[in-house]
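Residue numbers (our numbering), protein chains in the order written: chain A, 1 to 299; chain B, 1001 to 1489.
C-beta: ideal position from N, C-alpha, C; glycine also.
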């Protein structure tokens, strides 16, 4: 029994939940209720085929991106390829590095091209595309570990700011990472660009050949991974403060050069309890005085 | 589903992941469990009728027979809280309040996953080796996650977790603690480092690995107890026996057991502090060698033999409390012990000590306080649930496993994680552990304590919704949660 393309309103009656295979999206549109309905209907129509379109070109999308190579035909696939091409001559990267952000953008566009919305967001497993008009803004919370939703910093995006995409990458997440960052959160003009850049920066936060870092060829974990035999991080043991500093510094260097080339606006890099920010935008809530956890829930 | 090598092709969606054994697909929802494609997050039902001789057999949904109301009647199916969901933010009725008829009595089981900020594990490690001083900090991933507590008979106890490590320290301390607890409770291996002590690898129901060495067996008893147990078997075959033990080293000729048998004095001089006759404390420092001491040469705990009493040719056996270490000596003309091969007559007694040592295990008891707001998911007047548990009208189980409810206030429970289905625990980022908890009681008692009667649903209403449920055979060594008397079938 296949359980394909589930599209349903969450119990709050405001947010839409989309689920198909590995895609899991929560989105919300704001504006006139009739416009929201139009937007949600458009999303439902668009989303139904997104995974099938991607899978029809999956083999191509798992190959390294190549500047003069052939282009895929699907619109999500084209967003993915465009997002990773700036890196193709520098390093190994496949369009899959931008898949989550590209899907978020595509779904957002389905809403914004059919309905008049004051603002909207599409959160595809932490990679977020959003839409803002006039005086609207979004406040975005950031986590250090994609597996746990503990907010350590926030950023506010106003309409006059060009940022429209947020993505997070790290070795603890669902996707594999070549680096050791717990989380790299990137703000860019589009979600696909943020997704690709977060992958690149998270890969750069690294201590090559460090004995406390356990790495395994990606293909041993997932036979059909686009990373093939590349070593992906499986666990990170104890690190000294200097090692944490060095690893973050390697990521900062890459993040700064991406910022200079206009590929990103801001990046926040986290390893253990250390967080470094490139660019402005981010206010760290607990960088100075680590607030102990307050139990929200008690048995 | 299509099989290639050991990986399987998942056909749940068009990505068609090749999933290696023990791994999940790109969605994290489907996994390859021993060549079977399984969905990871089902709600677990325990079934008593099936599974004979084997424990915890996944019930294949595809091969499921036609539903037969008699076979899967209320007496033989128990709805666990594993995968049930929680009552957060607590005033909601529990996700499942299930009624069933058991031996003619209407029973109800309130099923929820508790979010435990107040929880931890008590770890019993069967070893005599010195793991670390009492009160030493126990670390995982470099973070303090607990401490060394008492030394029990043949075992070292550790206390891990608790609200202070989970929520009272740094963020990393909290997440490292939550990780360690989750892994231990779900039956996975965890490496722990004890300040000023050993590095150990522990896993529920498995032998501990201490500084890289797998612990094979528990000691048979303390040194003094070993003398008492085997004195008769040594009598006449050897003149003196020293059982080396970090706690209480026993000396046959001075021990009451030797005296009663008429063993003569040997002139042996022990180091350490004499407690009562034939029992010595602190003959050496704690360690991971002979009998949990730091000595490699057993003679280092002996002084010179008394020249007035000892005689050349006197036969001396030294043995540890596990029989793992032993040496046999005879006094030379200068009354110095000279090592000789262990005589056949004594080999048997050393082997007997070993044989009496049980396999060393780590055991993990989950401990949590369910006396807080979780109760509001059961009744609108929470203290009535506490009273009902105290009065033994309500039985508390964790994933169908029996619990020990601490006397005194609150509902503080302990449960052996190895008696629960695998992966019964989860976590929330608070950080806190999510543990299954079920309250079973008579329907009439439930009504009396102010239960959510309008949320009670019959068992078969959830049995029909097969899709997201997983059926497991109940463990035969657990009492059946709905039985009127403990003792299972």
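For a test of the three-state rule: what should DSSP assign to residue i, helix, strand or coil?
i                      : result
residue 1384 (chain B) : helix
residue 18 (chain A)   : strand
residue 1178 (chain B) : helix
residue 10 (chain A)   : coil
residue 1348 (chain B) : helix
residue 1232 (chain B) : helix
residue 1183 (chain B) : helix
residue 101 (chain A)  : helix
residue 225 (chain A)  : coil
residue 1404 (chain B) : strand
residue 256 (chain A)  : helix
residue 1326 (chain B) : strand
residue 1438 (chain B) : strand
residue 244 (chain A)  : helix
residue 1009 (chain B) : strand
residue 1188 (chain B) : coil
residue 1163 (chain B) : helix
residue 161 (chain A)  : coil
residue 30 (chain A)   : strand
residue 1282 (chain B) : coil
When the Cα atoms are used, what is the spatial distance from residue i to residue j?
i                      : j                      : result
residue 314 (chain A)  : residue 226 (chain A)  : Missing from the structure shown is residue 314 (chain A); chain A here goes from 1 to 299 and no further.
residue 1264 (chain B) : residue 1286 (chain B) : 31 angstroms
residue 1376 (chain B) : residue 1093 (chain B) : 7 angstroms
residue 217 (chain A)  : residue 1442 (chain B) : 55 angstroms
residue 39 (chain A)   : residue 115 (chain A)  : 5 angstroms
residue 1292 (chain B) : residue 1277 (chain B) : 22 angstroms
residue 229 (chain A)  : residue 178 (chain A)  : 11 angstroms
residue 1483 (chain B) : residue 1402 (chain B) : 12 angstroms
residue 1050 (chain B) : residue 1421 (chain B) : Only weak support exists for where residue 1050 (chain B) lies, its pLDDT of 33 falling under 50; the coordinates are left without a value.
residue 285 (chain A)  : residue 251 (chain A)  : Because the pLDDT at residue 285 (chain A) is just 49, under 50, the model does not fix this residue reliably, and the point stays unresolved.
residue 1234 (chain B) : residue 1147 (chain B) : 41 angstroms
residue 1404 (chain B) : residue 166 (chain A)  : 48 angstroms
residue 22 (chain A)   : residue 1026 (chain B) : 6 angstroms
residue 1024 (chain B) : residue 1032 (chain B) : 6 angstroms
residue 1185 (chain B) : residue 1171 (chain B) : 21 angstroms
residue 1362 (chain B) : residue 1240 (chain B) : 35 angstroms
residue 1330 (chain B) : residue 1398 (chain B) : 58 angstroms
residue 75 (chain A)   : residue 100 (chain A)  : 14 angstroms
residue 1212 (chain B) : residue 1164 (chain B) : 30 angstroms
residue 1166 (chain B) : residue 236 (chain A)  : 21 angstroms
Can you tell me whether residue i is buried or exposed? The criterion is at least 16 other CB atoms within 10 Å of its CB, across all chains shown.
i                      : result
residue 1453 (chain B) : exposed
residue 1427 (chain B) : buried
residue 1281 (chain B) : exposed
residue 211 (chain A)  : exposed
residue 1153 (chain B) : exposed
residue 1135 (chain B) : exposed
residue 8 (chain A)    : exposed
residue 1208 (chain B) : buried
residue 1446 (chain B) : buried
residue 90 (chain A)   : exposed
residue 224 (chain A)  : buried
residue 119 (chain A)  : buried
residue 1126 (chain B) : buried
residue 131 (chain A)  : buried
Taking 7 angstroms as the cut-off, is the beta-carbon of residue i closer than that to any non-hydrogen atom of the ligand ATP?
i                      : result
residue 1212 (chain B) : Only the bare structure without any ligand can be found here, which leaves the ligand ATP out of the picture.
What whole-angstrom Cβ distance do residue i and residue j have, given they're in contact under 8 angstroms?
i                      : j                      : result
residue 55 (chain A)   : residue 1014 (chain B) : 4 angstroms
residue 1114 (chain B) : residue 1437 (chain B) : 5 angstroms
residue 1109 (chain B) : residue 1440 (chain B) : 5 angstroms
residue 1223 (chain B) : residue 1288 (chain B) : Contact doesn't hold; Cβ gap of about 17 angstroms is too wide.
residue 205 (chain A)  : residue 263 (chain A)  : In fact, because the Cβ distance is near 17 angstroms, the residues do not count as touching under 8 angstroms.
Which residues in chain E have a C-beta closer than 8 angstroms to the C-beta of residue i? List them in chain order.
i                    : result
residue 21 (chain A) : The displayed structure is made up of protein chains A and B, and chain E is not among them.
- Just by C-beta distance, which residues in the segment 1177 to 1197 of chain B are closer than 7 angstroms to chain A? Taken residue by residue, none of the segment 1177 to 1197 of chain B has a beta-carbon sitting less than 7 angstroms from a beta-carbon on chain A.
- Task: Could you name the residues of the segment 1141 to 1160 of chain B whose beta carbon sits closer than 8 angstroms to any beta carbon of chain A, in the order they occur along the chain?
- Result: Within the segment 1141 to 1160 of chain B, the qualifying residues are 1141, 1142.
- Query: At a Cβ cut of 8 angstroms, what residues of the segment 97 to 111 of chain A count as close to chain B, listed as they run along the chain?
  - Reply: Listed in chain order, the positions of the segment 97 to 111 of chain A with a beta carbon within less than 8 angstroms of a beta carbon of chain B would be empty, since no residue qualifies.
- According to a CB-to-CB cut-off of less than 9 angstroms, which residues of the segment 35 to 59 of chain A neighbour chain B? Taking 9 angstroms as the cut-off between beta carbons, the residues of the segment 35 to 59 of chain A near chain B are 51, 52, 54, 55, 56, 58, in sequence order.
- Contacting positions in the segment 242 to 273 of chain A - beta carbon closer than 7 angstroms to chain B: Only 272, 273 from the segment 242 to 273 of chain A bring a Cβ to less than 7 angstroms from some Cβ of chain B.
- Residues, ordered as in the chain, of the segment 1013 to 1031 of chain B that lie near chain A by beta-carbon distance below 8 angstroms: Those residues of the segment 1013 to 1031 of chain B that come within reach of chain A (Cβ to Cβ, closer than 8 angstroms) are 1013, 1014, 1015, 1016, 1017, 1018, 1019, 1020, 1023, 1025, 1026, 1027, 1028.
- Task: Could you name the residues of the segment 219 to 235 of chain A whose beta carbon sits closer than 8 angstroms to any beta carbon of chain B, in the order they occur along the chain?
- Result: Going along the segment 219 to 235 of chain A in chain order, one finds 220, 221, 222, 223, 224 with a Cβ nearer than 8 angstroms to chain B.
- Query: What residues in the segment 1160 to 1174 of chain B bring their beta carbon closer than 8 angstroms to a beta carbon of chain A?
  - Reply: Considering only beta carbons, the part of the segment 1160 to 1174 of chain B lying closer than 8 angstroms to chain A consists of 1163, 1166, 1167, 1168, 1169, 1170, 1171, 1172, 1174, in chain order.
- In the segment 164 to 197 of chain A, which residues sit with their C-beta less than 7 angstroms from some C-beta in chain B, listed in chain order? The residues in question are 174.
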